[in-house]
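Below: one structure, written as structure tokens.
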Amino acid sequence: MNSRQISAPEHISNQPETVWTLQLPKIRFGRGSTEELAHQLQGLGVAAPARGLLVTDSEIVSHGHSNQIKKVLEEAGFSTKTYDDVRREPSVTSIEDCLNHINEVAGEDGFDFYIGLGGGSCMDTAKAVRTIKANDGTVTDYISEPTGRGQDLKKSGAPLILMPTTAGTGSEISPVAIIDVPEKNTKEAIASQHVRADAAVLDPVYSVTLPSKETALIGMDALGQAIEGYITHSFDSLLRARTPTNRPVYAGRTPVTEMYSERAIELLYQNIRRATHNGDDIHARSDMLLGALFGGIAALTAGSNLCHAMSYPVANKWHTYHGETIAVLTPASTFEYNKGSNPARFETIAELFGVDTTGLSPHEAAEAAKQQFIQLQRDLDVVPSGLHELTGATEAHVSDLAERCITQQRRLLRCNPRSVSEDAIADVYRDALRNWE
Ligand SMILES: [Fe+2]
Numbered sequence: 027m028n029s030r031q032i033s034a035p036e037h038i039s040n041q042p043e044t045v046w047t048l049q050l051p052k053i054r055f056g057r058g059s060t061e062e063l064a065h066q067l068q069g070l071g072v073a074a075p076a077r078g079l080l081v082t083d084s085e086i087v088s089h090g091h092s093n094q095i096k097k098v099l100e101e102a103g104f105s106t107k108t109y110d111d112v113r114r115e116p117s118v119t120s121i122e123d124c125l126n127h128i129n130e131v132a133g134e135d136g137f138d139f140y141i142g143l144g145g146g147s148c149m150d151t152a153k154a155v156r157t158i159k160a161n162d163g164t165v166t167d168y169i170s171e172p173t174g175r176g177q178d179l180k181k182s183g184a185p186l187i188l189m190p191t192t193a194g195t196g197s198e199i200s201p202v203a204i205i206d207v208p209e210k211n212t213k214e215a216i217a218s219q220h221v222r223a224d225a226a227v228l229d230p231v232y233s234v235t236l237p238s239k240e241t242a243l244i245g246m247d248a249l250g251q252a253i254e255g256y257i258t259h260s261f262d263s264l265l266r267a268r269t270p271t272n273r274p275v276y277a278g279r280t281p282v283t284e285m286y287s288e289r290a291i292e293l294l295y296q297n298i299r300r301a302t303h304n305g306d307d308i309h310a311r312s313d314m315l316l317g318a319l320f321g322g323i324a325a326l327t328a329g330s331n332l333c334h335a336m337s338y339p340v341a342n343k344w345h346t347y348h349g350e351t352i353a354v355l356t357p358a359s360t361f362e363y364n365k366g367s368n369p370a371r372f373e374t375i376a377e378l379f380g381v382d383t384t385g386l387s388p389h390e391a392a393e394a395a396k397q398q399f400i401q402l403q404r405d406l407d408v409v410p411s412g413l414h415e416l417t418g419a420t421e422a423h424v425s426d427l428a429e430r431c432i433t434q435q436r437r438l439l440r441c442n443p444r445s446v447s448e449d450a451i452a453d454v455y456r457d458a459l460r461n462w463e
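With our numbering, you'll find the sequence shown wraps up at 463, consecutive numbering, no jumps.
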């Protein structure tokens, strides 16, 4: 029996929390919002002829999205350079490459503004580079402990606007950049209010070019995260930080979480089939983007928990795609392991999924929610039936994955609504090997 557990950090008091906070960038949503980009920049105090860097990847460039943005900005007197070498799942090295590019092209002062255009990888890269550029030090200095040195960022840097092209998990509004640290076999975060963008511009037109498989898997990630936030601890059931600056980025669910996560679950569940099977359906795309934004707002303090914590050791070992990893782990972790922590909450999830819960006990309704979620995955046609189909993982890999999870993912595991041990995590990995036959 392995008894390794999660303990509270020193900066947490023994008094219950009584305060919650909400910080958002300026948000502009809807078809045509790109055309208002110059106005958005001016609202951030950036005046023409300022020079900006568009941080994106080659696929986004190939769809013409970056050229459209450059044109809008140039017509308003701004100039932009494009960095299109963002790698999927950004790493310490890929962030440093982008920082070196900024130093070469723009020198010590950097650019006057930054725009991150694309999925989570592009937005996280943009968030990391503009903030690290403004602070002394290396990427590793600011990655959370114990993987990095966990130093505090002192300032945000030049204004940053994020423009998501996928309906993902709200990187455009979150204070976190996820970074791969391959030499330590883990993914970690730079988490600070200084990392958050100043503005987010969400134009659903850009998400129409997202391929069907990615639409389904990124949507699974967004839906999984919305549910993780909805079931996590309430902020006032946690212990209060000794000072406001010590309050963790993920500090439990708040009344804001309740409202936004329920609507996010509905919007994502109701539109993911249409957006996946008919990518040109702009209404489904727009509602997916809105659902992902609402899920992101809900997750701002609620964060994510067991499922995401378990995903990183898998991604590190097999280099799996994030959305796909979350998809195969969600039934066993978010639903099966956690549903007993608060069955009434899972009953509401079942209702949001359209299940008639009349006559069902909360436990039966929670099981119905899990089955409905698995049926959704099957209907999407592209979600693997479990961790085994995705990676080839077997019973032999379970204990190693559980050990990595509990030693490297304390930040997320602390947020799980049901306490976890290494043995419990191993059981969940075992359960996730096959979600259906
Ligand atoms: Fe995620």
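Note that the Cβ used here is the ideal one computed from N, Cα and C, for glycine as well.
Give me, in chain order, the residues of the same chain whose beta-carbon lies closer than 6 Å to that of residue i; leave out the 5 immediate sequence neighbours on both sides.
i, result
"residue 430", "339"
"residue 244", "192, 194 and 349"
"residue 221", "153, 157, 201 and 203"
"residue 189", "143 and 227"
"residue 365", "372 and 392"
"residue 453", "none"
"residue 53", "226"
"residue 445", "none"
"residue 260", "278 and 279"
"residue 173", "207, 210, 212 and 214"
"residue 176", "170"
How would you call residue i, buried or exposed, if buried means at least 16 neighbouring beta carbons within 10 angstroms?
i, result
"residue 66", "buried"
"residue 29", "Since pLDDT at residue 29 reaches only 41, below the 50 mark, its modelled position is unreliable, and no value is offered."
"residue 433", "exposed"
"residue 370", "exposed"
"residue 519", "Residue 519 is absent from the model: the chain starts at 27 and stops at 463."
"residue 420", "exposed"
"residue 285", "exposed"
"residue 155", "buried"
"residue 138", "buried"
"residue 418", "exposed"
"residue 422", "exposed"
"residue 41", "exposed"
"residue 39", "exposed"
"residue 404", "exposed"
"residue 185", "buried"
"residue 93", "exposed"
"residue 268", "exposed"
"residue 159", "buried"
"residue 91", "buried"
Let me make sure I understand the geometry here. Which of the options has the alpha-carbon closest to that of residue i?
i, options, result
"residue 216", "153, 195 and 243", "153"
"residue 377", "363, 398 and 359", "398"
"residue 448", "293, 335, 81 and 69", "335"
"residue 86", "38, 149 and 123", "149"
"residue 293", "281, 305 and 309", "309"
"residue 146", "115, 396 and 109", "115"
"residue 141", "133, 72, 424 and 129", "72"
"residue 414", "368, 351 and 384", "351"
"residue 289", "262, 255 and 264", "255"
Suppose contacts are defined by Cβ-Cβ distances below 8 Å. Is residue i in contact with residue j by that definition?
i, j, result
"residue 208", "residue 337", "no"
"residue 43", "residue 279", "no"
"residue 291", "residue 314", "no"
"residue 358", "residue 258", "no"
"residue 227", "residue 82", "no"
"residue 225", "residue 354", "no"
"residue 250", "residue 333", "yes"
"residue 79", "residue 95", "no"
"residue 331", "residue 442", "yes"
"residue 165", "residue 199", "no"
"residue 455", "residue 427", "yes"
"residue 356", "residue 301", "no"
"residue 63", "residue 98", "yes"
"residue 223", "residue 321", "no"
"residue 283", "residue 324", "yes"
"residue 402", "residue 394", "no"
"residue 196", "residue 50", "no"
Closer than 7 Å by C-beta to residue i: which residues in its own chain qualify, once you throw out the five before and the five after it? Chain order, please.
i, result
"residue 270", "none"
"residue 411", "460, 461 and 462"
"residue 272", "37"
"residue 396", "357, 361, 362 and 365"
"residue 451", "336, 428, 431 and 432"
Can you name, in chain order, every residue of its own chain whose Cβ lies under 8 Å from the Cβ of residue i, other than the five neighbours on each side?
i, result
"residue 342", "206, 208, 211, 212, 213 and 430"
"residue 75", "103, 104 and 105"
"residue 56", "228, 229, 230 and 312"
"residue 218", "157, 168, 178, 179, 201 and 275"
"residue 438", "276, 329, 330, 331, 332, 334 and 335"
Mind checking if residue i is an interface residue toward chain B, Cβ cutoff 8 Å exclusive?
i, result
"residue 166", "The structure shown contains no chain B, having only a single protein chain."
Would you say residue i touches ligand 3, meaning its beta carbon is less than 7 Å from a heavy atom?
i, result
"residue 191", "Ligand 3 is absent from the structure shown, which contains only ligand 1."
**Study point:** Within 6 Å of ligand 1: residues by beta-carbon to any heavy atom
**Key:** 195, 247, 251, 334, 348 and 352
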